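Just so we're aligned: the sequence shown equals residues 5 to 683 in our numbering. Okay, structure first, notes after.
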Amino acid sequence: MKSKSAATPAWSIAKSDELYGFKRWGAGHFGVGEDGTVTVQPLADGRSIRVMDVVDEAVAMGLKAPLVIRFQDLLRHRVEQLNGLFAQAIKEEGYKGAYRGVFPIKVNQLREVVEEIVSASKGFNYGLEAGSKPELMIAMAMHEGASSLIICNGYKDHDFIRIALLGRKLGKKVIIVVEQLAELDDIIRVSEEVGVKPLIGFRAKLQTRGEGKWSSSTGDNAKFGLNTAEILFACEKLRAAKLTASLKLVHFHIGSQVPNILTIKNAVIEASRFYCQLAKMGFPMGYLDVGGGLGIDYDGSRTNYESSMNYSMAEYARDVVANVRDICDAMHVPVPDLVSESGRAIVAPHAMLVVEVFERINKRETLGVQHQPKVKHKVVDDLEFLLKNKAKLGKLERFHDAVQKKEEAFSLFNLGYLDLENRAAAESLYWQVCEQIAQETRDAGYVPEELRELNKLLADQYVCNFSVFQSLLDHWALKQLFPIAPLHRLEEEPGVNATLVDITCDSDGKIGTFIDLQDTKDYLQLHPLNGKPYYLGIFLTGAYQDIMGDLHNLFGRVNEVHVFLEDDEPNGYYIEDTLAGIRMNEVIETVQYQWEELCRRIKTQIDAATKKDLVKPREGVRLLEFYEGQMLAKTYLNIDRSATSAEEPRAPKTPRAPRAATAKPAKPATRRPRAAAKA
Ligand SMILES: *Cc1c(COP(=O)(O)O)cnc(C)c1O
Numbered sequence: 005m006k007s008k009s010a011a012t013p014a015w016s017i018a019k020s021d022e023l024y025g026f027k028r029w030g031a032g033h034f035g036v037g038e039d040g041t042v043t044v045q046p047l048a049d050g051r052s053i054r055v056m057d058v059v060d061e062a063v064a065m066g067l068k069a070p071l072v073i074r075f076q077d078l079l080r081h082r083v084e085q086l087n088g089l090f091a092q093a094i095k096e097e098g099y100k101g102a103y104r105g106v107f108p109i110k111v112n113q114l115r116e117v118v119e120e121i122v123s124a125s126k127g128f129n130y131g132l133e134a135g136s137k138p139e140l141m142i143a144m145a146m147h148e149g150a151s152s153l154i155i156c157n158g159y160k161d162h163d164f165i166r167i168a169l170l171g172r173k174l175g176k177k178v179i180i181v182v183e184q185l186a187e188l189d190d191i192i193r194v195s196e197e198v199g200v201k202p203l204i205g206f207r208a209k210l211q212t213r214g215e216g217k218w219s220s221s222t223g224d225n226a227k228f229g230l231n232t233a234e235i236l237f238a239c240e241k242l243r244a245a246k247l248t249a250s251l252k253l254v255h256f257h258i259g260s261q262v263p264n265i266l267t268i269k270n271a272v273i274e275a276s277r278f279y280c281q282l283a284k285m286g287f288p289m290g291y292l293d294v295g296g297g298l299g300i301d302y303d304g305s306r307t308n309y310e311s312s313m314n315y316s317m318a319e320y321a322r323d324v325v326a327n328v329r330d331i332c333d334a335m336h337v338p339v340p341d342l343v344s345e346s347g348r349a350i351v352a353p354h355a356m357l358v359v360e361v362f363e364r365i366n367k368r369e370t371l372g373v374q375h376q377p378k379v380k381h382k383v384v385d386d387l388e389f390l391l392k393n394k395a396k397l398g399k400l401e402r403f404h405d406a407v408q409k410k411e412e413a414f415s416l417f418n419l420g421y422l423d424l425e426n427r428a429a430a431e432s433l434y435w436q437v438c439e440q441i442a443q444e445t446r447d448a449g450y451v452p453e454e455l456r457e458l459n460k461l462l463a464d465q466y467v468c469n470f471s472v473f474q475s476l477l478d479h480w481a482l483k484q485l486f487p488i489a490p491l492h493r494l495e496e497e498p499g500v501n502a503t504l505v506d507i508t509c510d511s512d513g514k515i516g517t518f519i520d521l522q523d524t525k526d527y528l529q530l531h532p533l534n535g536k537p538y539y540l541g542i543f544l545t546g547a548y549q550d551i552m553g554d555l556h557n558l559f560g561r562v563n564e565v566h567v568f569l570e571d572d573e574p575n576g577y578y579i580e581d582t583l584a585g586i587r588m589n590e591v592i593e594t595v596q597y598q599w600e601e602l603c604r605r606i607k608t609q610i611d612a613a614t615k616k617d618l619v620k621p622r623e624g625v626r627l628l629e630f631y632e633g634q635m636l637a638k639t640y641l642n643i644d645r646s647a648t649s650a651e652e653p654r655a656p657k658t659p660r661a662p663r664a665a666t667a668k669p670a671k672p673a674t675r676r677p678r679a680a681a682k683a
């Protein structure tokens, strides 16, 4: 007799793999190991890291979830892949130009991310794109080489232009893209002032419209770009300023996450026409910049649904190369070097967020208990009848009857005809009927919409220690979906339907829509909580989410570890860098409090309470120490299952802790040099 394993015999790791779709959205990087835990293959070459090993090691370092894990080799891999696929397409199509892509810094500005990308770019002449002065300041200093580009987009003042021209003086290929006609006057004026000839691009407002959530970047009312008449004005201005030789590039950007390859083809064709026309007008040209938009297949469906994309990176590269060549050949214009500003596609896969589920909000546990009122009201009898006589009526009819009786019970309660016990009985019977119907529909074929909704209504809520507003802002703002799966226990059947809620005091702080092959799902199948830590991974979060996060409820930045593959390590990896999540004293200062001042105020109040004998003097000292110690603790919940003392917060040795502004996140003592093999 098999009775020892909690796993249902019918369930398997392969079923989990299929259910959560690792193979579909993982692009060869994510899977399930034989032990039922999630693995990452940063280079998709078979070498894999157990994510739970990283989580355990991070926890041992005091870096509990919520935790961002960056797989730096995966980042490098994406840079190599994009450049490699463009090189391959160029070769296969016999294209005479080169690929000179740039990484748009706005998609992830973190130093370690930009450093890894710059380091991976060597040999590819892959450059950087900046959309603001601070981004340009970063790009200018981090960029290396004379052949790779720095592309300047966004609104520009004189200082922006001066910084760009400083780059020209240093021999860098910095191209200033004109977004507004007026900007061109500024560029002409400032370049005269500093005595440097600029390299200029025009951003064209294409008629080709994007699709999906980010499609407003193009069209007549787009914020950026020059319409056709403005492009002609701009050409005249350049001629008048004797800067004809400066015009080098045509640029467009039709929005991020373009799900449909046809949109991309059309945009490339339209922009190629602009390029060729300008070349024929006598401008030297040289680059065509196809902007961002290269997608990520978040749901793995390979469709033109907004969470997906109906093309591969290879197809994208081939289509850009072939369409540009076709137009240029037809117009007898030499082909340009090709630039893309692919951000999301480069950085999204390298990072994941680990959250810990610490509580289950479960309607059924409390509502499943049958309350037996002393005097049973008729409405309760009616509901009981519905529950017991399920064979008599169809599912839909029983559901409608139950809804009617529940409403009746609420009206009776409001009018004073129903006591608390009867109301409780009515509520719980209603949910039991719903549960019963939901069970019956589970294996049924077609299920009417009203009944399908039931599964969503009945789903448990799993409370996770994180903030949607900090770590998953695009889910809240744009309903963007990310793949989510348990990081362990994948050999067990996930028998609980659940939605996720965060710890902010905001009813929007939740995840109630999940990826699915067909459309979306309203709940996720998860494992019952068993008193041990239960971790979920939210995947493909490396693009935009890191920087868009906000301080809602003052939770702020989470813990973070940066992981590198290492053959000599027992687990095949090492953690090179750690960033500690924000502490309370730090976050408090972002909203203008001084934490010392808050401590002083508490001390005054403790002193007063001591005087009134509400608090004993020794206790007063202890309370103050506790308050001051909390200042250095992290902002997220300090979930502690051991019931003994927690590792965090660490009380400071002296009550006066160092000022937050100078407190550096602790670096691990054994910082390892970057492995030479990665060069
Ligand atoms: C945001 C942005 C990008 C990056 O777009 P992705 O879709 O993330 O590749 C590229 N270019 C411009 C001008 C942008 O504004």
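Cβ coordinates follow ideal geometry from the N, Cα and C atoms, glycine included. Source: prediction; values computed, not measured.
Say the cut is 8 Å; is the CB of K3 nearer than that to a heavy atom of ligand 1?
-> Since the first residue shown for the chain is 5 and the last is 683, residue 3 is missing from the structure and cannot be characterised.
Alpha carbon to alpha carbon, how far is G541 from P498? Give it in angstroms, no decimals.
-> Here residue 498 refers to the residue found at position 494 of the sequence shown. Here residue 541 refers to the residue found at position 537 of the sequence shown. Approximately 15 Å, taken between the alpha carbons.
Hey, how far is the Cα of V111 from the Cα of H404?
-> Against the sequence shown, residue 111 aligns to sequence position 107. Against the sequence shown, residue 404 aligns to sequence position 400. Their backbone Cα atoms lie some 49 Å apart in a straight line.
With burial defined as no fewer than 16 other Cβ atoms inside 10 Å of the residue's Cβ, what is the status of F630: buried or exposed?
-> Working through the sequence shown from its first residue, we reach residue 630 at position 626. That one is exposed.
For N87, verify whether its CB is less than 8 Å away from any heavy atom of ligand 1.
-> As a working mapping, residue 87 is identified with position 83 in the sequence shown. Result no, Cβ not under 8 Å from ligand 1.
With a CB to CB cut of under 8 Å and the five nearest residues on each side skipped, what residues in its chain are close to Y597?
-> On the sequence shown, position 593 is the one that residue 597 refers to. Counting only Cβ-Cβ distances below 8 Å, and skipping sequence neighbours, we find nothing.
Is L132 closer than 9 Å to V117 when the C-beta atoms are compared?
-> By 1-based counting over the sequence shown, the position of residue 117 is 113. By 1-based counting over the sequence shown, the position of residue 132 is 128. Their beta carbons are not under 9 Å apart, which means V117 does not touch L132 by this criterion.
Check K8 in the structure and name its three-state DSSP category.
-> Reading the sequence shown from its first residue, position 4 is the one you call residue 8. Because K8 sits at a pLDDT of 47, beneath the cut-off of 50, its placement in the model cannot be relied upon, and the point is left open.
Take the Cβ of C509 as the centre, count every other Cβ of all protein chains shown within 10 Å, and call the residue buried at 16 or more, exposed below.
-> Here the question's residue 509 lines up with position 505 in the sequence shown. C509 comes out exposed.
Going by the CB atoms, is the gap between K536 and R645 shorter than 9 Å?
-> Locating residue 645 in the sequence shown gives position 641, counting from the first residue. Locating residue 536 in the sequence shown gives position 532, counting from the first residue. Going by C-beta atoms, R645 is nearer than 9 Å to K536.
Whose C-beta lies closer than 8 Å to the C-beta of Y578 among residues of the same chain, with five residues either side of it excluded?
-> In the sequence shown, residue 578 corresponds to position 574, counting from 1. Result list for Y578: V567, F568, E570 and R676, in chain order.
In chain order, what residues of the same chain have a beta carbon less than 7 Å from the beta carbon of S346, not counting five sequence neighbours either side?
-> On the sequence shown, residue 346 is found 342 positions in, with the first residue counted as 1. Closer than 7 Å at the Cβ level, and outside the excluded window around S346, lie L86, G105, G296 and L298.
With 16 as the cutoff for other CB atoms within 10 Å, does G290 come out buried or exposed?
-> Counted from its first residue, the sequence shown places residue 290 at position 286. Per the 10 Å Cβ criterion, buried.
Excluding the 5 residues preceding and the 5 following L491 in the sequence, name in chain order all residues of the same chain whose CB lies nearer than 8 Å to its CB.
-> The residue you call residue 491 lines up with position 487 of the sequence shown. Cβ within range, chain order: T41, V42, V55, M56, V59, V358, Y539, L540 and G541.
Close-in-space but distant-in-sequence residues of the same chain around A14 (CB under 8 Å, 5 per side omitted) = Reading the sequence shown from its first residue, position 10 is the one you call residue 14. The residues are E497.
Nearest-angstrom Cα separation, counted from E632 out to R604 | For this step, residue 604 is matched to residue 600 along the sequence shown. For this step, residue 632 is matched to residue 628 along the sequence shown. Roughly 10 Å separates the two Cα atoms.
Among N327, K176, G259 and K252, which has the Cα closest to the Cα of N270?
-> Here residue 270 corresponds to residue number 266 of the sequence shown, with the count starting at 1. Ranking the options by Cα distance to N270, first place goes to N327.
Would you say the beta carbon of S346 comes nearer than 8 Å to a heavy atom of ligand 1?
-> Indexing the sequence shown from 1 puts residue 346 at position 342. S346 Cβ: within cutoff of ligand 1.
How do the stretch 517-535 and the stretch 602-616 stand: do at least 3 beta-carbon pairs fall below 8 Å, yes or no?
-> no
Let me know if Y159 comes out buried or exposed under the rule of 16 or more other beta-carbons within 10 Å of its beta-carbon.
-> Mapped onto the sequence shown, residue 159 falls at position 155. So Y159 counts as exposed.
Out of D293, N308, G25 and S195, state which residue places its alpha-carbon closest to the alpha-carbon of F486.
-> Numbered from its first residue, the sequence shown carries residue 486 at position 482. Minimum Cα distance to F486 is reached at G25.
Looking only at DSSP bridge pairs, what is G541 linked to?
-> In the sequence shown, residue 541 corresponds to position 537, counting from 1. In DSSP, G541 forms a bridge with V358 and A489.
Taking 8 Å as the line, does the beta carbon of Q184 fall inside it for any heavy atom of ligand 1?
-> The count along the sequence shown starts at 1 and reaches residue 184 at position 180. No, the Cβ of Q184 stays beyond 8 Å of every heavy atom of ligand 1.
Straight-line gap, A18 to S471 (C-alpha atoms, nearest Å) | To locate residue 18, count along the sequence shown from 1; it is residue 14. To locate residue 471, count along the sequence shown from 1; it is residue 467. Taking the straight line from one Cα to the other gives about 31 Å.
Curious, which full-length alpha helix (DSSP H) runs of at least 4 residues does the stretch 580-624 contain?
-> 588-593 and 599-615
Check whether the Cβ of S260 lies closer than 8 Å to any heavy atom of ligand 1, and answer yes or no.
-> Stepping through the sequence shown from its first residue, residue 260 is reached at position 256. Correct: S260 has its Cβ closer than 8 Å to ligand 1.
Reduced DSSP category for C509 - H, G, I as helix; E, B as strand; rest coil | The residue labelled residue 509 in the question sits at position 505 within the sequence shown. Looking at C509 - three-state DSSP - the assignment turns out to be coil, as it is neither helix nor strand.
Considering A134, what are the terminal residues of the beta strand (DSSP E) in which it resides?
-> Counting from 1 along the sequence shown, the entry for residue 134 is found at position 130. First-last of the beta strand (DSSP E) with A134: G131 to A134.
Please go through the same chain and pick out, in chain order, the residues whose beta-carbon is closer than 8 Å to the beta-carbon of G585, but skip the five residues on each side of it.
-> By 1-based counting over the sequence shown, the position of residue 585 is 581. Hits under 8 Å: L67, P70, G560, R561, V562, N563, E564, K638, T639 and Y640.
Considering F228, what are the terminal residues of the alpha helix (DSSP H) in which it resides?
-> Residue numbering aside, residue 228 sits at position 224 when the sequence shown is read from its first letter. That residue, F228, is in no alpha helix (DSSP H); it is neither H nor E in DSSP.
Keeping to the same chain, check which residues put their C-beta closer than 7 Å to that of Y3; ignore five residues upstream and five downstream.
-> Outside the modelled stretch of the chain, which goes from 5 to 683, sits residue 3, for which no answer is possible.
Could you check the C-alpha separation between I167 and A143 for me, to the nearest Å?
-> Numbered from 1 along the sequence shown, position 163 holds the residue referred to as residue 167. Numbered from 1 along the sequence shown, position 139 holds the residue referred to as residue 143. Approximately 10 Å, taken between the alpha carbons.
Looking only at its own chain, which residues have a Cβ that is under 7 Å from the Cβ of Y99, when we skip the five neighbours before and after it?
-> The sequence position of residue 99 within the sequence shown is 95, counting from 1. Cβ contact annotation for Y99 (same chain, cutoff 7 Å, sequence separation greater than five): V325, R329 and V339, in chain order.
Looking at the structure shown, is Y640 part of a helix, part of a strand, or coil, going by DSSP?
-> By 1-based counting over the sequence shown, the position of residue 640 is 636. Coil.
For the putative contact between Y130 and L342, defined by C-beta atoms under 8 Å, what is the C-beta separation to the nearest angstrom?
-> As a first step, residue 130 is located in the sequence shown; it is residue number 126 there, counting from the start. As a first step, residue 342 is located in the sequence shown; it is residue number 338 there, counting from the start. With a Cβ gap of about 12 Å, Y130 and L342 do not count as contacting.
Beta strand (DSSP E) runs contained entirely in the stretch 274-343, provided each spans 3 or more residues | 291-293 and 341-343
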